[in-house]
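**Q** Taking numbering that gives the first Met the number 0, the leading residue of the sequence shown gets 0, the next gets one more, and so forth. All C-beta atoms in this analysis are idealised placements derived from N, C-alpha and C, irrespective of residue type, glycine included.
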Amino acid sequence: MERGVKECCGLNIKSVSFGELFLNKTMLFAYLLLAVGVVGWFQLYGLRFGHEFVNTTDLTSVANSSVDHAKMMAEALKEQIFNMHHIEEVPRQEPWGIFVAQYTYLLYGGSALIFLVALAELLGLHIAHKASAALMTLGISLALGGMTSIASDWGNPLNIYWMILNPQPQSGMWMMLPLYSIYIPFTFIEIYFLMTNKRELARKLALPLVVVGLGIDIAEFYIQGILFQLNDARHLWTGFPGLWVYFLLTGALSGIGFALVYAGLALKDKDWYEELKAVLRKAGIIVIVLVAAYETVSGLSSLHEAPFSTMFWGYVIVGLVLPLVLFFLKQDVLAGLLIAIGTFPARELFVYGGNAEPMTNRFGMGPEAFSTYNVAEIEKVVYESPHSMEVMVIIACLGLGIAIFKLLDTLLDVSNQPH
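1. Going along the chain, which residues of its own chain have a beta-carbon closer than 7 Å to the beta-carbon of L284, five neighbours each way excluded?
2. Measure how close the beta-carbons of A111 and S308 come, nearest whole angstrom, since I'm counting them as under 8 Å.
3. Find the nearest neighbour of V392 within the set I113, E273 and I97, judged by alpha-carbon distance.
4. Between G36 and Y382, what straight-line distance do the alpha-carbon atoms span, to the nearest angstrom?
5. Taking all protein chains shown into account, do 16 or more other C-beta atoms lie within 10 angstroms of the C-beta of L336, making it buried, or fewer, making it exposed?
6. Nearest to T186 by alpha carbon, out of L406, S140, L399 and E19?
7. Where do the N-terminal and C-terminal ends of the alpha helix (DSSP H) with K405 fall, by residue?
8. Since I believe Y261 is in contact with L137 (beta carbons under 8 Å), could you give me their beta-carbon distance rounded to a whole number of angstroms?
9. Hey, out of A395, I340, D412 and L348, whose CA is closest to V38's CA?
10. Is DSSP giving T295 helix, strand or coil here?
11. With DSSP run on the structure shown, which of helix, strand or coil describes L266?
12. Out of A130, G123 and L106, state which residue places its alpha-carbon closest to the alpha-carbon of M175.
13. If V278 sits next to L124, beta carbons under 8 Å apart, how far is it from one beta carbon to the other, in whole angstroms?
14. What is the DSSP secondary structure of G36, counted as helix, strand or coil?
15. Measure the C-alpha to C-alpha separation of L406 and F21 and round it to an integer number of angstroms.
16. When DSSP labels each residue in this structure, what does S432 get in the three-state scheme?
17. Run the CB neighbour count on I163, radius 10 Å, all protein chains shown included, and call it buried at 16 or more, exposed below.
18. Would you decide whether A345 is buried or exposed? Buried here means 16 or more other CB atoms lie within 10 Å of its CB.
19. Under a three-way DSSP split, which group does F17 fall into?
20. Among G256, Q223, A265 and I255, which residue has its Cα nearest to the Cα of Y245?
21. State buried or exposed for D268, treating a residue as buried only when at least 16 other CB atoms are found within 10 Å of its CB.
22. Going by the beta-carbon positions, is the gap between F220 and L259 smaller than 7 Å?
23. Which two residues bound the contiguous alpha helix (DSSP H) that contains G241?
24. How many angstroms separate the CA atom of L411 from the CA atom of Y191?
25. Which residue comes first and which comes last in the alpha helix (DSSP H) that contains E347?
26. Would you mind reading off the limits of the alpha helix (DSSP H) that contains I97?
27. Just mark F466 as buried or exposed, buried being the case when its beta carbon has 16 or more other beta carbons within 10 Å.
28. Can you tell me whether T249 is buried or exposed, with buried defined as 16 or more other CB within 10 angstroms of its CB?
29. Rounded to whole angstroms, what is the Cα-Cα separation between P184 and G212?
30. My understanding is that G318 touches T342, with C-beta atoms under 8 Å, so please give their C-beta distance in whole angstroms.
31. Can you say whether S131 is buried or exposed, counting buried as having 16 or more other CB atoms within 10 angstroms of its CB?
32. Roughly how many angstroms separate the alpha carbons of M26 and A402, rounded to a whole number?
33. Whose CA, out of M194, G108 and A127, lies closest to the CA of I12?
34. Less than 7 Å separating the beta-carbons of A150 and E347?
35. By the 10 Å Cβ neighbour count, where 16 or more other Cβ atoms means buried, how is H386 classified, buried or exposed?
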C-alpha cells in the first residue's frame, strides 16, 4: 500500500494535512463562491424572518378568539412569510425563479452525467472503467449543489417536513422524498463499488448494480417530469411532450459540458485523456442533435419577447451551435465550457418561460389570472427578474458542488483510481 494511504472498508483513503484538504487552490475558489452566497443568504433570511411582518396588536386580539379566527391569523402569517415581493418562494400562484433554474441546471446535469457513466459501464466501454469513479463523483457533487439551491426556498423544506408527518403520495413535492432517499445513497453505493479494493465482490455485483442504477436514474427523471407537469398553472410546462425525456436530454448535454471542463482542468496528464475526450465529443454531437430536434417542438422557441428571446438565442448559439462547430474542430474542452455556460439560460427559459403567460384555462371555464399578475392590466407575458440576493445564492450552490467534489477527490483520489 502506498505511503500516506490507509485502507478502510476496501477504500484507499489518503492521509492529507489540513492545508492539503481545505486550503488548496480549488477549495479557496469554492470558498470565494460560497462567501458570495453567504451574503445572499443573510439578506434573504434577514428579510424573511427579521422584520416586523405581523401586527402584534391584531395577533394579540385574536389570541383568545374562536378557532376560525386563529386559523385566519395563521393564514395571514403564512402569506406574509411566504409571499413577500422579490423574495422567491414557490406557491402555486407565484412564478418560480432562478433558484429552480439553478436546481434543474445542476441537479439534472449531475444526474444525467451519472446516467451516462452507468450506461457506458453497462456497454463495456473501455474508457468507462478509467473515468467512471471521477465522473460519477462529479455528478453527485453537482446534484447536491442543485438541491441546496431549491432548499433555499424555505417553503420546500417546510413542506417536506409536514409531508413526512402527513404523507401525501399524490403530491408532487412528496414524490421527491422517496426519490432522493433512494437516489442519493444508491449513487454513493455505485461510486463505492467502482472504487473498492474488494475486486471480486465488485465484479460480481457490477452488472446488477449498474442495471439497477440505470433504472433509478430513469425513475428520477420520470418523477421529476411528473412533478413539474403537476403545476397546471404554469402554461408552457404542461405543453412539453415527454417532459422527463427533455430533462434527460438537456441534462445529458449539461453533464457532458461539465465532464469536458473537468477533464481539461484535471485529467490532461492521463494517458487516456484523448480517449475520454473522443467519447465525450461523440456523445456531445449526438445529444446536441437530439436536443435541437426536441426544441423544435417544445414551444419555448415561440417566446419572442425580451428577455425570453435573449435566453433562447443565447442558449441556441452558445449551448448548441458553437459547441457543435467546436466538436468538429476537436476543440472539445472549449466546446464543453460553452455548453456549461449556454445550458443555464436554457434552464432560465424553461422556468421563467413556463410562467410567461399569465392566463390559463385549467378548468374549461375560461382563462383565469393569479394574484401575482395585475388583473387590472393583464400583460401578454410576465417576467420578474431575479433579485441580486438570489443570484448570489446560486453562485454559492455552484461553489458547494465544487467543494464537495474536491473534498472527495482529495481524500479518495477519484481522479486517479487504479484500473
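**A** So, from the listed chains and residues:
1. Just to set this straight, residue 284 is Ile in the shown sequence, not Leu. The residues are L323 and F326.
2. Contact between A111 and S308 is ruled out by a C-beta separation of about 27 Å, above the 8 Å threshold.
3. I97
4. 24 Å
5. It counts as buried.
6. S140
7. S387 to L411
8. 6 Å
9. For the residues A395, I340, D412 and L348, the minimum Cα distance to V38 belongs to A395.
10. Reduced to three states, the DSSP call for T295 is coil.
11. coil
12. L106
13. 7 Å
14. Under the three-state reduction of DSSP, G36 is assigned to helix.
15. The alpha-carbon atoms of L406 and F21 are separated by roughly 8 Å.
16. This structure gives no information on residue 432, because the portion of the chain shown stretches from 0 to 418.
17. The C-beta of I163 has fewer than 16 other C-beta atoms within 10 Å across all chains shown, which makes the residue exposed.
18. buried
19. helix
20. Q223
21. exposed
22. no
23. No alpha helix (DSSP H) holds G241; DSSP gives it neither H nor E.
24. 10 Å
25. Unbroken alpha helix (DSSP H) run through E347: D331 to G352.
26. I97 to L122
27. This structure cannot settle anything about residue 466, because the visible part of the chain is limited to 0 through 418.
28. Under the 10 Å beta carbon count, T249 is surrounded by 16 or more other beta carbons and is classified as buried.
29. C-alpha separation (whole angstroms): 11 Å.
30. Right, the Cβ-Cβ distance comes to about 5 Å (below 8 Å), so this counts as a contact.
31. buried
32. If you take the alpha carbons of M26 and A402, they lie about 6 Å apart.
33. Of the candidates M194, G108 and A127, M194 places its Cα closest to the Cα of I12.
34. Not closer than 7 Å, so no.
35. buried
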